[in-house]
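Below is one structure; the comments refer to it alone.
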Amino acid sequence: MKKKHKIIFIVIVVIIVVAVGNWAYNYIINNLSANIHLRDNSIDEEENLIIFKNGGRLIWDTGASGSAIFNNLGSSRLKIGIGTVTDFDGKTKLYPICFALNISFDSITLNNFIHNEIIIDNVAPRIQNLNSAGILGMNVIGNHNWLLDFTSDKIYNFDKNVEYNPSPQLRLTYRKRKTPTTDIKIGGLDMKKLLIDSGFYGDIKLYKSDIDEINKIIKPDTIIDEVSDGLFVGNIKSQNYIYTNVKINNVVFDKLSIIESNRRLIGVGFFRKFDRVFWDSGSKEVRFYRD
29 MKKKHKIIFI VIVVIIVVAV GNWAYNYIIN NLSANIHLRD NSIDEEENLI IFKNGGRLIW
89 DTGASGSAIF NNLGSSRLKI GIGTVTDFDG KTKLYPICFA LNISFDSITL NNFIHNEIII
149 DNVAPRIQNL NSAGILGMNV IGNHNWLLDF TSDKIYNFDK NVEYNPSPQL RLTYRKRKTP
209 TTDIKIGGLD MKKLLIDSGF YGDIKLYKSD IDEINKIIKP DTIIDEVSDG LFVGNIKSQN
269 YIYTNVKINN VVFDKLSIIE SNRRLIGVGF FRKFDRVFWD SGSKEVRFYR D
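As structure tokens, this is what we get:
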């Protein structure tokens, strides 16, 4: 076989393997219900991200459609294919897809757990410094309801039919189980399809054009240079606009940060402006409470 034909053959084989891997991942993830059992409800009170304090320091990330484990842990996992992993900055890499019937991280046990295995040395330094076992994504989060209590630094999970206080200060609905996007009003301006992403450190990310429209009616108090990290890439530079007394839907915020981005996101900084957050996977709602 000529060298050119060999290269073409190898490329075709790689494309088929990746395609089959992604198909297998999506099929299994949609037909197996991953469950999580918590024996300790503590989250790290010193980190802005929601990190299980005694559960392998897993990151609770609603912006991740699937889960990922960093391969610095020894564990019996079955590799079932190859899939793509994309961070919010659009960087995509190929990593093995693994299945674990049962896997434990300190006080956390996961059943029927599908995840990517990511090389820890390839993620951004800020993520490496968290000493985390990996990322818990919507393939697990979306199978439960969750209560985040920031007054006591606790997280609780329930069956999807469990109800909670129906009278929040703010209610956001989302569309898809694995990619929770929502619409909001900022100062009366409609902003569509923001991903509710607890893996993003800040309050909100918007397009530059969105921010320009907001600035026509609300003047920012401060504009600062911002450096942030994606999953794979660090030192992403942008501008951060700080506003005071901003209304989102029917709630006024004393201070709000909006960062320029190529995506629209609501981050964990927004979550932490409230005392408690109830993630209702059954109703596809996120409800925010102030005491």
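Each residue of the sequence shown is one higher than the one before, counting from 29 in the working numbering.
Where a beta carbon is used, it is the ideal one built from N, C-alpha and C, also for glycine.
- The beta carbons of residue 79 and residue 158 sit about 7 Å from each other, so the pair counts as a contact at 8 Å.
- Across the structure, residue 315 and residue 196 are spaced so that their CA atoms are roughly 6 Å apart.
- Within the region 164 to 217, the runs of beta strand (DSSP E) at least 3 residues long that lie entirely inside it are, in chain order, 173 to 177, 182 to 186, 198 to 201, 209 to 214.
- Beta-bridge partners assigned by DSSP to residue 130: 139.
- For residue 267, the pairing in a beta bridge is given by DSSP as 253.
- If you look at residue 288, you'll find it in the beta strand (DSSP E) that goes 279 to 288.
- Note on residue 95: 16 or more other CB atoms within 10 angstroms of its CB, so buried under the neighbour-count rule.
- The beta-bridge partner set that DSSP reports for residue 223 consists of 209, 293.
- For residue 154, the enclosing alpha helix (DSSP H) stretches over residues 153 to 156.
- Burial check for residue 285: the Cβ neighbour count within 10 Å reaches 16 or more, so the residue is buried.
- Per the DSSP secondary-structure output, residue 123 pairs in a beta bridge with 111.
- Scanning its chain for C-beta atoms nearer than 6 Å, with the 5 sequence neighbours on each side dropped, one finds around residue 84 the residues 133, 134, 161, in chain order.
- Taking the Cα positions, residue 74 is about 25 Å away from residue 267.
- Annotation: the continuous beta strand (DSSP E) that includes residue 232 extends over 232 to 234.
- Ranked by Cα distance from residue 318, the first of 187, 304, 292 is 304.
- Taking C-beta separations shorter than 6 Å and ignoring five residues to either side along the sequence, the partners of residue 175 in its chain run 184, 306, following chain order.
- Annotated three-state conformation of residue 245 is helix, per DSSP.
- The three-state reading of DSSP puts residue 150 in helix, counting H, G and I together.
- By the criterion of a C-beta distance shorter than 7 Å, residue 298 is surrounded in its chain by 231, 232, once the five residues flanking it on both sides are discounted.
- The straight-line gap separating the alpha-carbon atoms of residue 179 and residue 77 is approximately 15 Å.
- Within a 10 Å sphere around the beta-carbon of residue 217 sit fewer than 16 other beta-carbons, which makes this residue exposed.
- In the pairwise beta carbon analysis, the region 236 to 255 is classified as touching the region 267 to 281: at least three pairs are separated by under 8 Å.
- With a cutoff of 9 Å on beta-carbon distance, residue 164 and residue 224 are scored as not near each other.
- By alpha-carbon distance to residue 152, the top candidate from 131, 177, 98 is 98.
- Boundaries cannot be given for residue 71, as no beta strand (DSSP E) includes it and DSSP labels it neither H nor E.
- Counting every other CB atom within 10 Å of its CB across the protein chains shown gives residue 189 a total below 16, marking it as exposed.
- In this structure, the straight-line span from the alpha carbon of residue 136 to that of residue 201 is close to 28 Å.
- Going by DSSP, residue 308 is part of the beta strand (DSSP E) stretching over 304 to 308.
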